[in-house]
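As numbered in the working numbering, residues 6 to 527 make up the sequence shown, in order. Each residue gets a CB set at the ideal place from its N, CA and C atoms; glycine is no exception. Predicted model, so just to flag it, every value in this text is computed and none were measured. I have placed the structure first, in the form of structure tokens, so that the comments after it can refer back to it.
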Amino acid sequence: MLILSLKEGHDGGITAIEDGKLLFALEAEKDNYPRYDRLTGEVIARAAGMLHRAPDVVALGGWVKGLHSIEPQTRAGYFGVGEGSVLDEEGTFFGKKVRYFSSTHERSHIYTSLGMAPRRTGQAYYSLVWEGSIGDFYRVDEKGNATHLKHVLADPGNKYAYLFALADPGFPVGTGLFRYNDAGKQMALTGFAEDGPMTAEEKETIDFILKQEQIILNLSKDKMSWSHIYNKGVDSQEYRNTAAKHSQAIFNLFYDYASEHMKEGLPLLISGGCGLNCDWNAQWRESGLFESVFVPPCPNDSGSALGTGIDAQWYYTGDASIEWSVYSGEDFVEDVEPDAAKYEVRPLVHADVARYIEQGNIIGWARGRYEMGPRALGNRSILAAPFTEETTVRLNTIKRREGYRPIAPIALEEDAHKWFAGSVVDPYMLYFNRVTTDRLKAITHVDGSARTQTVTRERNPHIVDLLEAFRDLTGFSVLCNTSLNNNGRGFINRTSDLIAYGEKHGLDGYVINDTFVTPRRG
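Put into structure tokens, the structure is as follows:
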């Protein structure tokens, strides 16, 4: 069975699953398109070119006719997991008879994490979906049936990010306003918080936000001009302290329900955009409430097309598990040759690249197929040595982003325990760990944490070869790893964009598939 699945709206995407194996996962923003882009004809055409035949099932994720989850629905719509949450009908696709499947957006998140979790026959799970609109727990039985357990909080992701907008004088007054990247910035800024009990002012602000209904549509920030952090600035210590307590207050609402009512000790599956919050993920993993915790590399809407495809597979076959690789995007496109008058191009030798990085150079690394989800995991990465704070400053300058943004490490999994505390197996950069050495200044956040990605030869042999070569030179199998993209756009995926980016923003070289490209000196 060949299933073609599409997700409309922001973070649009298209995937194909055949007989339980993921063939590809394309995202509208990738290849230097605007972040969070809607599904475009260009992406659909490229996906069609990657299919070897017409699909048997076309799966369309439920969505809305607009921007907010309460607007008129399309297909199966946004909310629901029970009766009416799945639609199945016969139709035609370019003249071929197919099944048209649709399930709710809520289900897409549940089945993303269920289908991508390590395969365990006959296993029941708990599931947590927390995102902009949904904040709910579920139980998934041994056959893959999802049952709703508890609605904990409406709009957890939106309420989390609202605090950033409240403090930012650059965020305008009005309703219906939202910036997708505020949540990630706030996660970084909570690391600057000072320890201390919650103040009365902080509690008043946090409680007011958490009690709101449809906060984006109904609450203009000027209605909170009484708050102690209103337009105070995100660089203020008052905001940063409040942000950390706000984050913990949201987590505690979910933790309190889970600790009291979810007693079976089942594995926990996490999905929704809040699954990108590394602090929350680490707290779940350390909570002791669950046998294990799994977060897919695409927990936000970038994984929803895949989740709907998995849901369709489960609906027609009874099996929700798929074989997949995080590197399931398109191959890097070598659309131009680097100018031979400006660049030296030679075969990739990992020891040469490691030495070049060790000397202080920063490179763009683009090999194979791009990663699914928002995190660069070693195929569309900017790489640098991890030792100095000056490297952090330079990387943030290259990325055209705020100086408070931390830089993540990529590390050999077998060595990670030498420099990071706790359970540091993290293939998808989804947890915070404590850095245990003062040598890795470029990847150590102000609070002593790092968002570590660990790699093995099975998952990414070329990155392992590079890290081993860097270890031979420095004693550390760790590099700085940040995404290879223009600010406000998805991963770069062709040579012309890569060279243009590097020349504009100051990269010192490139790995392009199996070649190493450096500027000619003199």
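Short check: CB of residue i to CB of residue j, under 9 Å?
i	j	result
residue 403	residue 503	no
residue 215	residue 258	yes
residue 390	residue 455	no
residue 375	residue 282	no
residue 253	residue 160	no
residue 311	residue 27	yes
residue 66	residue 80	yes
residue 43	residue 76	no
residue 25	residue 219	no
residue 170	residue 208	no
residue 436	residue 457	yes
residue 305	residue 280	yes
residue 41	residue 15	yes
residue 426	residue 438	yes
residue 510	residue 405	yes
residue 337	residue 498	yes
residue 488	residue 386	yes
residue 383	residue 362	no
residue 325	residue 119	yes
residue 360	residue 478	yes
residue 4	residue 292	Any question about residue 4 goes unanswered here, given that the chain covers just 6 to 527.
residue 377	residue 333	yes
residue 1	residue 451	The question about residue 1 has no answer, for the chain in this structure spans 6 to 527.
residue 95	residue 102	yes
On a CA-only basis, which of the options is nearest residue i? Give me that one, please.
i	options	result
residue 418	396, 140, 463, 400	463
residue 23	41, 13, 466, 58	58
residue 495	6, 34, 420	34
residue 300	508, 432, 160	432
residue 61	21, 29, 74	21
residue 329	90, 38, 117	117
residue 156	85, 68, 124, 449	85
residue 262	481, 444, 131, 401	131
residue 1	320, 247, 485	As shown, the chain starts at 6 and ends at 527. That puts residue 1 outside it, with no answer to give.
residue 422	292, 89, 441, 343	441
residue 551	399, 363, 349, 479	It is not possible to answer for residue 551, since the shown part of the chain is limited to 6 through 527.
residue 424	449, 410, 256	449
residue 3	93, 357, 179, 369	Any property of residue 3 remains undetermined from this structure, which presents the chain solely from 6 to 527.
residue 346	523, 190, 122	523
residue 500	397, 343, 484	343
residue 530	469, 298, 292	For the chain, the structure presents residues 6 to 527; residue 530 sits outside this window and is missing.
residue 210	197, 231, 124	231
residue 255	176, 135, 313, 516	135
residue 199	105, 242, 102	242
residue 286	176, 434, 96	434
residue 467	196, 267, 372	372
residue 105	314, 490, 465, 471	314
residue 267	240, 246, 284, 295	295
residue 411	381, 475, 196, 64	196
If contacts are defined as beta-carbon pairs under 8 Å, then residue i and residue j qualify, I think. What distance do you get, rounded to the angstrom?
i	j	result
residue 276	residue 110	Not a contact, Cβ separation roughly 11 Å.
residue 49	residue 8	Contact doesn't hold; Cβ gap of about 15 Å is too wide.
residue 144	residue 133	Rounded, the Cβ-Cβ distance is 11 Å, inconsistent with contact.
residue 203	residue 250	5 Å
residue 335	residue 11	So it is not a contact: roughly 16 Å between Cβ atoms.
residue 520	residue 353	6 Å
residue 271	residue 289	About 13 Å separates the two Cβ atoms, so there is no contact after all.
residue 302	residue 341	That belief does not hold up - the Cβ atoms of residue 302 and residue 341 are roughly 30 Å apart, past 8 Å.
residue 507	residue 366	Not quite, the Cβ-Cβ distance comes to about 11 Å (not below 8 Å), so this is no contact.
residue 206	residue 233	4 Å
residue 182	residue 248	Contact doesn't hold; Cβ gap of about 19 Å is too wide.
residue 151	residue 244	The Cβ separation is near 38 Å, so there is no contact.
residue 400	residue 368	In fact, because the Cβ distance is near 12 Å, the residues do not count as touching under 8 Å.
residue 459	residue 430	6 Å
residue 146	residue 129	5 Å
residue 137	residue 278	6 Å
Per DSSP, which one or two residues make a beta bridge with residue i?
i	result
residue 105	63, 94
residue 482	Residue 482 is not bridged to any residue.
residue 142	133, 155
residue 496	490
residue 4	Outside the shown range of the chain, which is 6 to 527, sits residue 4, and nothing can be said about it.
residue 386	370, 488
residue 21	9, 29
residue 514	368
residue 78	69
residue 522	350, 515
Taking 8 Å as the cut-off, is the beta-carbon of residue i closer than that to any non-hydrogen atom of the ligand PLP?
i	result
residue 504	Absence of the ligand PLP is noted for the structure shown, with no ligands found whatsoever.
Inset, instruction - Starting from the N-terminal side, write out each stretch of the alpha helix (DSSP H) that is 4 residues or longer and does not extend beyond the stretch 248-325. - result: 283-291, 309-322
Inset, instruction - Can you check the stretch 388-473 for any beta strand (DSSP E) of at least 3 residues that lies completely inside it and give the ranges in chain order? - result: 413-417, 437-440, 454-456, 458-460
Inset, instruction - Mind listing, in chain order, the continuous beta strand (DSSP E) runs of no fewer than 3 residues lying wholly within the stretch 185-225? - result: none
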